[in-house]
Each structure stands twice: as structure tokens, then as C-alpha cells.
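Data block below; observations after.
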Amino acid sequence: MALLDIAPESGAEGGDTMALTREDRVKLRNMLLYIADCMVAVNDMEQMHNCNDCRIKNRCAYAPEVGTPVRWNCPLWEEKRKEATP
Numbered sequence: 734m735a736l737l738d739i740a741p742e743s744g745a746e747g748g749d750t751m752a753l754t755r756e757d758r759v760k761l762r763n764m765l766l767y768i769a770d771c772m773v774a775v776n777d778m779e780q781m782h783n784c785n786d787c788r789i790k791n792r793c794a795y796a797p798e799v800g801t802p803v804r805w806n807c808p809l810w811e812e813k814r815k816e817a818t819p
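If you're matching positions, the sequence shown starts at 734 in the working numbering and goes up one per residue.
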């Protein structure tokens with residue numbers, strides 16, 4: 734059963750099933766595509782560096798205050814130094 738096959742367009746069997754018009758199906762499809770695009774964008778952002786994993790976040794002029802958004806993929810980002818293992 735496809736996601737958009739929620740109910741038949743007319744003559745719904747089973748009584749109280751609400752049928753979707755073609756226009757409603759198109760709107761629903763567009764909303765689902767938009768949500769999928771948003772999810773891809775969020776997943777891409779999660780893979781980028783941000784202030785939380787930056788080595789200079791304590792002295793950076795762009796470091797956010799607590800509760801404010803971080804900068805994603807910042808050009809000033811620096812990798813944390815790896816500690817030498819004994």
C-alpha cells in the first residue's frame with residue numbers, strides 16, 4: 734500500500750472512510766516532499782562542524798551564548814587537538 738493510497742477517491746467501502754480528492758492528494762504529496770527535503774537539510778547540517786566541537790569556541794567572537802543557535806560550517810572552525818596517549 735503506497736503512502737498516498739489512504740482512501741479510495743469515491744465509493745469508499747467500509748463506511749466512515751473519508752475519501753481524498755485528487756487536489757488533496759497533490760497537496761499531501763507536496764507536503765511530504767517538502768518534509769523529506771527538510772529532513773535531508775537537517776541531516777546535512779548535523780554532519781557539519783559547529784561551535785560545539787570547535788577548539789577556539791572559548792575565545793571566538795562568534796561563539797554563541799547559552800541557548801542561542803550555533804554557527805554551522807563556520808570558516809573559523811578549528812579541529813580540537815588530539816591528546817597524546819601515554
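Each residue gets a CB set at the ideal place from its N, CA and C atoms; glycine is no exception.
Option in the options with minimal Cα separation from residue i
i      : options                        : result
Leu809 : Asp770, Pro802, Arg792         : Arg792
Asn785 : Trp805, Asn776, Tyr767         : Trp805
Ala812 : Met781, Ala794, Thr801, Asn776 : The question names Ala, but residue 812 in the sequence shown is Glu. Nearest C-alpha to Glu812: Met781.
Supposed contact pair residue j and residue i - C-beta distance, whole angstroms, cut 8 Å
i      : j      : result
Val803 : Asn783 : 4 Å
Rounded C-alpha distance that separates residue i from residue j
i      : j      : result
Ala745 : Asp770 : Confidence is the limiting factor: at Ala745 the pLDDT is only 48, short of 50, which leaves the residue's position unreliable and the question unanswerable from this model.
Arg814 : Ile789 : 11 Å
Met734 : Asn763 : Because the pLDDT at Met734 is just 41, under 50, the model does not fix this residue reliably, and the value given afterwards should be weighed accordingly. Using only the alpha carbons, I get a separation of about 19 Å.
Cys807 : Glu756 : 42 Å
Thr801 : Met772 : 21 Å
Test item: CB-CB of residue i and residue j under 9 Å
i      : j      : result
Leu765 : Leu753 : no
Cys787 : Ala794 : no
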